[in-house]
């Protein structure tokens, strides 16, 4: 049976009223006491927001966004922008806290947002990956953006990597290419994207009746020159590819250097398609880079919309966690420029 | 004589206690009343934070960061990271609100941060420019980052563009170059950076006894292919430059394409130096781009440190606004890679 607020009070050794104060985010509770109450909630697996919301006298009209490492994937801040636009649209303020993937900062950030009575939290990763948020996130309605919890503990939205890989490959096939090199992302660091896109690449080839040649697929590791080096390897093959699918626009920068160094033209000799639609790269390359966009803005919007649904349904039982087991996938669209 | 809290109450037609509630950020004040009080403060040019702070029973340990258009200059989010690191260092939480340069969002953001009892606000632009923040910013200690108010109404920190332009040019001169092309930023849209760097470029040439040749200086406009096009023009000069100073790393991407297209090598035939140290570009180019870094992280830290000084001095008279007339300038360091 689910723990009640009285169970929490008993375990924490405080009054019902004190627990209620913590749930209401009142700052009159001493930090050490608040910590005891939160620990008791954790231990009892208590999900307080149904009750807490009913105890509240007014709405805060505020939601929180926790992002993991904004500085390392700056182009993904469109997630923040999308979340913000959707929040504004519903008359909500979005408070953003970055954690730089530090566990203590994350725990603090969640606690502080709860204190500020946020009605819910969106938790955003700056690249598609598996996450294990601090358990305290269970204390409010929460939605994951550009990441997923392996056990499906939260609703989540991610890019449809397989569809994107398929679209990139199909686009090159549609332009008459038959030997298509694929400089894929790091299969460990970027597992979700790398695996999904490879499936899409292979499916597009198969649908067109083209053979899958493992020699045409290279995987980048963390070294930043892999776009250049791996492209150089592919171009120096005896039967070199006439088109390249690069795992991101940054690697396409290196690919351009390798192609031009060999006196080849883009797209006449080698067509190039990127991934990410990182505008400050794609539009500055010459010719401008055709690429597959990540739906950052849309994921931000979707996440907040889903969160507000959860908030609105508050007091009602949530769907069982298994309902969240499969993240919602958003389409990665083609952005046509001049490199294919 | 400075307006008092009683003047504000009188003008707003509310009680002293109501004004005090607004100053304390209590949510029990009706929005329409709060608006009346804030309007009265504006009209009376009332700077409440001295009094307000004394009325507060406790510190919020929270500061706000308002940023203008995070999505258009994503690499500048290191400002947010620096501000956050410094805030954490002092046990403060940083609440971030983005406005996308929308005046109403900015006014709302400031009001909401005040409601949440922030002890001060840093106001960050995502590229070096002149700003006119909403007047309500005067209601708390505030510091501008990567921007300045033309009348010096706030303390501000910006990059030292002249020093950076000088360092870039000097670096190329030190490598033996005598004809140095300069693909500068848009002189209107990026006035502060473009003008400062040109002064630095000319000073470095003069110090080395080199002539200033206006033909070697080109200015980009908003079109994104300017790095490519302007470099092509410079390389096609009869007496072409042996080195290029690009106004940002994005333009260097276009410059590389133009250089390679002509069968020239970097740096053997043409050396290239960029500006910004936008890592995801600079490290993916081949050869990796030598560039001048913008001190985003340091500006974020400096801004919060200065803000916390102001907060600590609260109740004491602030320095006269003219003291802020000259923004504090932070050095733009050289990041040596392989293109010079």
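Residue numbers (my numbering), protein chains in the order written: chain B, 1 to 340; chain U, 1 to 340. Where a beta carbon is used, it is the ideal one built from N, C-alpha and C, also for glycine. Please read all numbers here as calculations on a predicted model, not as lab measurements.
- Taking residue 235 of chain U as reference, the option from U/248, U/253, U/258, U/217 with the minimal CA-CA separation is U/258.
- Not one beta carbon of chain U lies nearer than 8 Å to the beta carbon of residue 163 of chain B.
- The beta carbon of residue 187 of chain B is closer than 8 Å to those of 194, 195, 219 in its chain, skipping five residues each way along the sequence.
- Neighbourhood of residue 84 of chain B in chain U, by CB distance below 7 Å: 98, in chain order.
- Using a Cβ distance threshold of 8 Å, residue 103 of chain B and residue 121 of chain B do not count as a contacting pair.
- For the pair residue 205 of chain U and residue 169 of chain U, the Cα-to-Cα distance works out to about 7 Å.
- Here the region 292-310 of chain B makes no contact with the region 263-280 of chain U; the two share fewer than three CB pairs at distances below 8 Å.
- For residue 105 of chain U, the number of other beta carbons within 10 angstroms of its own is at least 16, and it is reported as buried.
- Looking at the DSSP output, residue 332 of chain B bridges to nothing.
- Under the three-pair Cβ rule at 8 Å, the region 245-257 of chain U counts as touching the region 249-268 of chain B.
- DSSP places residue 16 of chain U inside the alpha helix (DSSP H), whose first and last residues are 16-23.
- Collapsing the DSSP output to three states places residue 75 of chain U in a helix.
- Within chain B, the residues whose beta carbon sits less than 7 Å from that of residue 281 of chain U are 253, 281, listed in sequence order.
- With contacts defined as CB atoms closer than 8 Å, residue 241 of chain B and residue 180 of chain B qualify as a contacting pair.
- At least 8 Å separates the beta-carbon of residue 138 of chain U from that of residue 165 of chain U.
- Around the beta-carbon of residue 150 of chain U, fewer than 16 other beta-carbon atoms lie within 10 Å, marking it exposed.
- Rounded to whole angstroms, the separation of the alpha carbons of residue 35 of chain U and residue 29 of chain U is 10 Å.
- Listed along the chain, the chain B residues whose CB falls inside 9 Å of the CB of residue 123 of chain U amount to none; the nearest CB is some 15 Å away.
- Counting along the chain, residue 266 of chain B sits inside no beta strand (DSSP E), nor does DSSP assign it H or E at all.
- For the pair residue 117 of chain U and residue 39 of chain U, the Cα-to-Cα distance works out to about 18 Å.
- DSSP places residue 247 of chain U outside any beta strand (DSSP E), giving it a letter other than H or E.
- For residue 258 of chain B, the C-beta contacts it makes with chain U under 8 Å involve 286, in order along the chain.
- If you check the CB distance, residue 266 of chain U and residue 339 of chain U come in under 8 Å.
- According to DSSP, residue pairing for residue 159 of chain U in a beta bridge involves U/330.
- Within its own chain, the residues whose Cβ lies closer than 6 Å to the Cβ of residue 177 of chain U, once the five positions on either side in sequence are excluded, are 242, 243, listed in chain order.
- For residue 31 of chain B, the closest C-alpha among the options B/111, B/84, B/93, B/66 is that of B/111.
- By the rule that beta-carbons nearer than 8 Å mark a contact, residue 221 of chain B does not touch chain U.
- Per the coordinates, the alpha-carbon of residue 140 of chain U lies some 14 Å from the alpha-carbon of residue 59 of chain U.
- In summary, residue 119 of chain U is buried, with 16 or more beta-carbon neighbours lying within 10 Å of its beta-carbon over all protein chains present.
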